[in-house]
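What follows is one structure encoded as structure tokens, with my remarks underneath.
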Amino acid sequence: MKQTKTQQFPKTKLAWLWENMQGTRGIYIVGMLGTIVYNVLQLTVPYYSGKIVDIFLTGENARENMRTNSDLFYKLLIAMVGFTFLRTIIVYLDCMIYEHVSQTVLYRVRNYLYNKIERQDMTFYSTYRTGDLMTRVTGDLDAVRHMVAWVIRMVIESFSLFGAAAIFFLYINWKMALCLLVISPFVFWIIYLFKNKVAPMHALLREKLAQMNTYAQENISGNRVVKAFAREDYEIQKFDKANKDYAETNKATGMVWLKFYPYVESIANLMPVVMLAVGGVFLIRGQLTMGEYVAFSGLIWAIANPMRQMGNIMNEFQRFSAASQKVMEIYYSEPKIKDAKDAVAHPERFEGKIEFEDVSFQYEDGDLPVLHDINFTVEPNEIVAIMGETGCGKTSLIHLIPRFYEPTKGQIRIDGIPIGKLKLADLRKNIGLATQDVLLYSDTIEGNIAYGDSTINLDEVMKFAKYSAASDFISKMPEGYDTIVGERGVGLSGGQKQRISLARALAVKPSILILDDTTSAVDMETEKQIQQSLRELDFPCTKIIIAQRISTTKAADKILVLQDGYIREAGTHEELLAKKGYYYELVKLQTGAEEL
Ligand SMILES: Nc1ncnc2c1ncn2[C@@H]1O[C@H](COP(=O)(O)OP(=O)(O)OP(=O)(O)O)[C@@H](O)[C@H]1O
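Just so you know, we're using the UniProt record's numbering here: the sequence shown kicks off at 1 and counts up by one.
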């Protein structure tokens with residue numbers, strides 16, 4: 001997993017969130033105003049009860065007032081009930097607004113991230129692990145949604161409640177209000193200290209979660225290897241460790257608040273005590289009426305609760321901060337390999353001439369160059385075979401043609417145009433590639449073959465299956481081309497998967513066909529059939545074939561022998577035999593002949 005330092009983004013986290021609320025910002029503001037209104041409305045009950053107490057229960061003329069002014073009594077009661085009802089309606093609508101906006105943001109950002117991930121280059125995929133990426137588009141995004149749906153609402157709720165209660169207290173009795181409010185700054189200071197402690201815990205927690213998800217994902221997809229080596233117990237233990245790690249970190253994060261909680265709770269609990277003591281003195285001295293006292297004590301929670309809520313809010317805020325950091329990393333990531341500013345469109349088919357000129361290449365995370373000064377030309381329709389011992393750079397070389405990676409030096413041209421000047425889509429659409437590790441989708445065989453061009457009909461699909469010597473085994477399957485192959489082609493043999501992958505590469509009628517050891521798992525007879533079909537394709541096509549078998553390379557127009565990233569030998573089968581070098585030795589080895 002990539003260990004990122006805290007990356008700087010073009011926008012702050014909240015500004016980024018705001019940007020993604022586009023289209024729902026108006027309604028969100030209405031929601032926030034609603035939160036303020038329904039919190040201010042909380043003051044109505046203690047306000048009216050204070051009035052009722054003063055006028056009709058404890059005041060000098062209480063009995064008289066009840067007799068002569070009972071209308072006012074009922075009006076105050078109705079107002080209390082009415083405002084409570086109004087508040088309920090506002091809370092209800094407000095919840096709907098927050099839910100709507102948060103789901104809209106979630107939907108938008110998730111799509112945007114998926115789009116970004118899809119368009120990344122190979123380096124991105126070798127940097128980020130699938131489990132980590134999955135965590136970003138699920139758990140992390142949920143923390144972002146939670147920020148919109150709950151945390152912001154709680155912040156507004158707490159501050160508006162606190163603010164409204166404070167103003168109300170100051171309005172009815174400023175001296176009493178100050179006695180109560182004077183302790184609140186301590187809470188902010190404690191929350192500030194808490195924030196500094198809990199922020200790194202949330203970052204760590206987030207890493208542990210990604211680690212656990214990565215283990216799970218890798219083990220589920222690599223399940224066959226686990227079974228083959230009977231490593232279930234080992235993997236279960238490994239997961240258990242990651243799970244425990246995550247649970248422990250989760251607990252530790254929760255414990256941080258517990259260290260600060262007693263202080264905040266004590267301050268919050270101090271409020272009713274101050275109320276009782278100071279309020280009592282004020283009452284005795286006549287500086288506070290009984291009604292005012294009722295109003296104060298009825299609303300004391302509006303000062304104490306926001307204080308208690310602060311820790312929760314700060315916790316959630318830090319969770320959002322750690323998660324959004326991960327989301328924004330993908331959100332603002334740009335593939336290094338993309339269309340150049342002056343890229344030219346090339347909607348027409350390529351002729352298929354390929355030129356490598358002094359091409360060298362090193363992986364970004366590699367220590368040494370893997371290709372050195374590669375020079376060769378392939379004419380349209382030619383077949384070029386590339387061979388060499390394992391790890392010599394064959395796959396790296398062919399991956400440069402569709403620009404999966406950029407050469408560190410030199411230039412590759414197709415039909416005379418440097419590939420860096422072509423639009424990526426135009427370049428790749430002209431290339432049919434069957435990779436070494438075959439990946440099929442859980443779809444029908446027909447769907448898999450027609451993956452690159454879904455407009456082709458079944459007859460064409462069958463034709464390409466025939467080219468790749470796959471039609472026989474497909475027609476023997478109970479549902480033929482409608483047979484669903486499992487995830488990654490489960491249910492097919494290695495050779496069968498390779499042949500479907502070849503048919504898929506051919507089905508886009510590419511002007512350049514690249515096969516990376518695509519027939520390594522098929523028998524010699526079938527391979528011969530495939531070689532024959534490749535020579536008889538009904539469309540022009542340049543073929544670059546990585547192969548180890550002499551039976552494949554023999555018929556090629558040109559053979560390149562790679563060694564340690566250099567082209568050591570190049571020529572036809574006969575020319576290379578005459579050189580009596582690596583190729584010659586390989587033929588001897590494969591044919592079992594002493595001399596050729
Ligand atoms: N994504 C990568 N990042 C860093 N190094 C890599 C990467 N892929 C391959 N390499 C290294 O580049 C070198 C060439 O690998 P490459 O896959 O091109 O060899 P190959 O000739 O195709 O081997 P094989 O016949 O086994 O498929 C190897 O040393 C390999 O370790």
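C-beta atoms are modelled at their ideal positions from N, C-alpha and C, and glycine is treated no differently.
Source: prediction; values computed, not measured.
Top-ranked residue by Cα proximity to residue i, from the options
i, options, result
"Ser468", "Asp339, Asp564, Thr135, Ile530", "Ile530"
"residue 655", "Ala555, Lys75, Thr68", "Any answer about residue 655 is impossible in this case: the structure gives the chain only from 1 up to 596."
"Tyr293", "Asp54, Leu181, Leu562, Arg535", "Asp54"
"Thr591", "Cys179, Glu569, Thr214, Lys554", "Lys554"
"Glu357", "Gly410, Val81, Pro10, Ala15", "Gly410"
"Phe194", "His146, Gln211, Thr253, Asp482", "Thr253"
"Asn448", "Gly82, Lys429, Ala277, Gln496", "Gln496"
"Leu422", "Leu586, Asp94, His346", "His346"
"Leu458", "Ala507, Ser442, Val485, Lys429", "Ala507"
"Met134", "Trp150, Val148, Pro306, Tyr114", "Tyr114"
"Trp301", "Leu43, Val37, Leu33", "Leu43"
"Thr130", "Gly222, Leu180, Arg87, Ile191", "Gly222"
"Lys476", "Leu492, Gly486, Thr214", "Leu492"
"Gln548", "Glu585, Val226, Ala470, Glu389", "Glu389"
Residue i, buried or exposed, once every other Cβ within 10 Å from all chains shown has been counted against 16
i, result
"Asp517", "buried"
"Glu525", "exposed"
"Asp437", "exposed"
"Ser324", "buried"
"Lys394", "buried"
"Tyr28", "buried"
"Arg206", "buried"
"Leu178", "exposed"
"Asp240", "exposed"
"Pro10", "exposed"
"Ser266", "exposed"
"Pro46", "buried"
"Gln498", "buried"
Coarse secondary structure for residue i, derived from DSSP in three states
i, result
"Pro402", "coil"
"Met387", "strand"
"Lys251", "helix"
"residue 644", "The displayed coordinates of the chain run from 1 to 596. Any statement about residue 644 would go beyond what the structure contains."
"Phe9", "coil"
"Asn375", "strand"
"residue 597", "Look at the range of the chain in this structure, 1 to 596, and you will see that residue 597 is not part of it."
"Ala434", "strand"
"Lys2", "A caution first: Lys2 carries a pLDDT of 44, below 50, which makes its placement in the model unreliable, though a value can still be read off. In the structure shown, Lys2 sits in coil (DSSP, three-state: anything other than H, G, I, E or B)."
"Lys244", "helix"
"Glu348", "coil"
"Pro335", "coil"
"Gly416", "coil"
"Glu536", "coil"
"residue 604", "Shown here, the chain extends from 1 to 596; a query on residue 604 therefore has no answer."
Straight-line Cα distance separating residue j from residue i
i, j, result
"Glu527", "Cys392", "24 Å"
"Met314", "Gly26", "26 Å"
"Pro478", "Asp538", "30 Å"
"Arg319", "Pro369", "42 Å"
"Asp426", "Trp189", "59 Å"
"Phe124", "Asn196", "32 Å"
"Ser321", "Val40", "29 Å"
"Glu348", "Gln120", "25 Å"
"Gly565", "Asp373", "9 Å"
"Arg504", "Gln22", "41 Å"
"Phe186", "Tyr331", "38 Å"
"Asn111", "Lys336", "21 Å"
"Ile386", "Leu562", "7 Å"
"Thr138", "Lys116", "15 Å"
"Ile167", "Gln237", "58 Å"
"Thr4", "Val101", "Low confidence applies to Thr4: its pLDDT is 46, below 50, so where it sits in the model is not reliable, and the reading given next is rough at best. In a straight line, the C-alpha of Thr4 is about 30 Å away from that of Val101."
"Ala242", "Asp142", "21 Å"
"Met201", "Glu329", "19 Å"
"Leu17", "Phe162", "26 Å"
"Ser551", "Glu446", "30 Å"
"Gln211", "Glu218", "11 Å"
Proximity test, Cβ basis, 7 Å: residue i and chain B
i, result
"Lys421", "The structure shown contains no chain B, having only a single protein chain."
Check: residue i C-beta below 6 Å from any heavy atom of ligand 2
i, result
"Asn223", "With respect to ligand 2, the structure offers nothing, as its ligand set consists of ligand 1."
**Item:** Those residues, in chain order, that have a beta-carbon closer than 5 Å to some heavy atom of ligand 1
**Value:** Ser126, Tyr363, Gly366, Val370, Thr390, Gly391, Cys392, Gly393, Lys394, Thr395, Ser396
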